[in-house]
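Here the numbering used here is used: the first residue of the sequence shown is 2, the next is one more, and so on. Glycine residues also receive a C-beta, built at the ideal position from the N, C-alpha and C atoms. First comes the structure, then the notes that go with it.
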Amino acid sequence: MSVNLKGRNLVSLKDFSTEEIWQVLKTAEQLKLGYYRNEQPKLLADKTLAMIFQKPSLRTRVSFEAGMTRLGGHAIYLSPSDIKLGERETTEDIAIVVSRYADIIMARVFGHEIVVDLAKYATVPVINGLSDEEHPCQVLADLLTIYEKRGRLEGLKFVFVGDGNNMAHSLMYGAARVGMHCTICTPEQYQPLPATVEEAQEMGRTTGARITLETDPLAAANGADVIYTDVWASMGQEDEAEKRKEAFAPYQVNAKLMSVADEQALILHCLPAHYGEEIDYQTSRTPNSVIFDEAENRLHAQNALMVLLTG
Ligand code: CP
Ligand code: NVA
Numbered sequence: 002m003s004v005n006l007k008g009r010n011l012v013s014l015k016d017f018s019t020e021e022i023w024q025v026l027k028t029a030e031q032l033k034l035g036y037y038r039n040e041q042p043k044l045l046a047d048k049t050l051a052m053i054f055q056k057p058s059l060r061t062r063v064s065f066e067a068g069m070t071r072l073g074g075h076a077i078y079l080s081p082s083d084i085k086l087g088e089r090e091t092t093e094d095i096a097i098v099v100s101r102y103a104d105i106i107m108a109r110v111f112g113h114e115i116v117v118d119l120a121k122y123a124t125v126p127v128i129n130g131l132s133d134e135e136h137p138c139q140v141l142a143d144l145l146t147i148y149e150k151r152g153r154l155e156g157l158k159f160v161f162v163g164d165g166n167n168m169a170h171s172l173m174y175g176a177a178r179v180g181m182h183c184t185i186c187t188p189e190q191y192q193p194l195p196a197t198v199e200e201a202q203e204m205g206r207t208t209g210a211r212i213t214l215e216t217d218p219l220a221a222a223n224g225a226d227v228i229y230t231d232v233w234a235s236m237g238q239e240d241e242a243e244k245r246k247e248a249f250a251p252y253q254v255n256a257k258l259m260s261v262a263d264e265q266a267l268i269l270h271c272l273p274a275h276y277g278e279e280i281d282y283q284t285s286r287t288p289n290s291v292i293f294d295e296a297e298n299r300l301h302a303q304n305a306l307m308v309l310l311t312g
């Protein structure tokens, strides 16, 4: 299997084909081996990554920055107050200017159209480090984690319980591409974007992945191989947090929910977690939980991505 991702953007996970996703996962496996053997080749020597943030971050910032260092390159962190995206100059000008200095741009933004525009005007690869609609880097790490633990992705029963948010969208695309059945279980009024659901369902028809919606958490989790959750109020929705707690209360990942899943079911969470809300602390610390391996895999999946995009 050989695909060429040089010069491409990763704005949405739907931009990558099944083969391209597998290329990232297989490259990540190799780089991870090197990382543990302390034999990390300096594949990004002299390369610069510009990281634009409109929102806070722990994993995304540190994993990208540490990844660049490990691979011999350099990362520049641009905080919300540095660039003032959308206030100080246009997204178009930012994309053109940063492309003159850096070899890759990673951006974490509110409106998804901002990262779409960055990719449109930049002359170097642009990576979506989370937008209101998607979080593709997280899903590459999630797929890598599930593959490492289960040895396959195709045919697994994956269940996301919580808000139909950016994670739910990228997970649907990722699952559809790799042939993993995916149920998104949310309260009725918090379902994912209908157009995204339809697109993922269409994509799934070619790989055999069934992409479905559900509102009953116990019915959704029944026999699941993977249970995934995320915060009930995402970054930018802090004002809705209290209202959301009520609607999402029956959607907590806890011992009761896990009792209907497969005994070996993996528990994933992109983090940060709000313990006692979408997941209880005890459940997050059971042997089924792989949340910290998942967080580590951000590093390996993104290293692979950066190496492939820069060729
Ligand atoms: N999962 C994730 O993207 O974490 P951060 O928001 O800390 O980057
Ligand atoms: N849905 C969450 C994901 C955080 C990694 C958010 O957007 O805040």
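Can you find the residues in the same chain that come closer than 6 Å, C-beta to C-beta, to residue i, ignoring five residues on each side of it along the sequence?
i             : result
alanine 176   : Phe159, Cys183, Ala210
aspartate 294 : Thr146
valine 99     : Ala51, Ile106
threonine 213 : Thr184
glutamine 202 : Ile212
alanine 250   : none
valine 127    : Asn10, Ile106, Leu119, Ala120
glutamine 139 : Cys271
Just to confirm, does residue i get its C-beta within under 7 Å of one of the non-hydrogen atoms of ligand 2?
i              : result
aspartate 231  : yes
histidine 113  : no
cysteine 183   : no
histidine 170  : no
asparagine 166 : yes
leucine 300    : no
histidine 136  : yes
serine 235     : yes
leucine 267    : no
leucine 306    : no
leucine 131    : yes
According to DSSP, what are the bridge partners of residue i?
i              : result
cysteine 186   : Val162, Glu215
leucine 269    : Tyr229
alanine 51     : Ile77, Ile106
isoleucine 280 : Val254, Tyr276
serine 290     : Ile268
leucine 11     : Ile128
Go through its chain and collect everything with a Cβ distance to residue i's Cβ below 7 Å, but skip five positions before and after it.
i             : result
glutamate 189 : Thr216
arginine 245  : Trp233, Ala234
glutamine 1   : An answer regarding residue 1 cannot be provided, because it is not within the stretch 2 to 312 covered by the chain.
lysine 43     : Leu72, Gly73
serine 64     : Arg299, Leu300, Gln303
Using a Cβ-Cβ cutoff of less than 8 Å, which residues in the same chain neighbour residue i once the five nearest sequence positions on both sides are dropped?
i             : result
valine 232    : Gly163, Asp164, Pro273, Ala274, His275, Glu278, Glu279
leucine 7     : Going by the sequence as given, residue 7 is lysine instead of leucine. Closer than 8 Å at the Cβ level, and outside the excluded window around lysine 7, lie Leu309, Leu310, Thr311, Gly312.
aspartate 118 : Thr92, Glu93, Ala96
leucine 194   : Glu134, Gly165, His170
tyrosine 37   : none
Measuring from the CB of residue i, is there a heavy atom of ligand 1 at a distance below 7 Å?
i             : result
serine 260    : no
leucine 59    : yes
proline 273   : yes
arginine 62   : yes
leucine 144   : no
glutamine 55  : no
glutamine 139 : yes
valine 86     : Looking at the sequence itself, residue 86 is leucine, so the reference to valine does not match. Checking every heavy atom of ligand 1 against the Cβ of leucine 86, none is found closer than 7 Å.
leucine 32    : no
Can you find a C-beta in chain B that's less than 8 Å from the C-beta of residue i?
i           : result
alanine 305 : Of the chains in the structure shown, none is chain B; there is only one protein chain.
Q) At what residue ranges does the region 53-131 contain a whole run of the beta strand (DSSP E), taking only runs of 3 or more? A) For the region 53-131, whole beta strand (DSSP E) runs of length 3 or above, ordered along the chain, are 75-79, 105-109, 127-129.
**Q.** Contiguous alpha helix (DSSP H) assignments of at least 4 residues, all confined to the region 207-259
**A.** The region 207-259 contains these whole alpha helix (DSSP H) runs: 218-222, 242-249.
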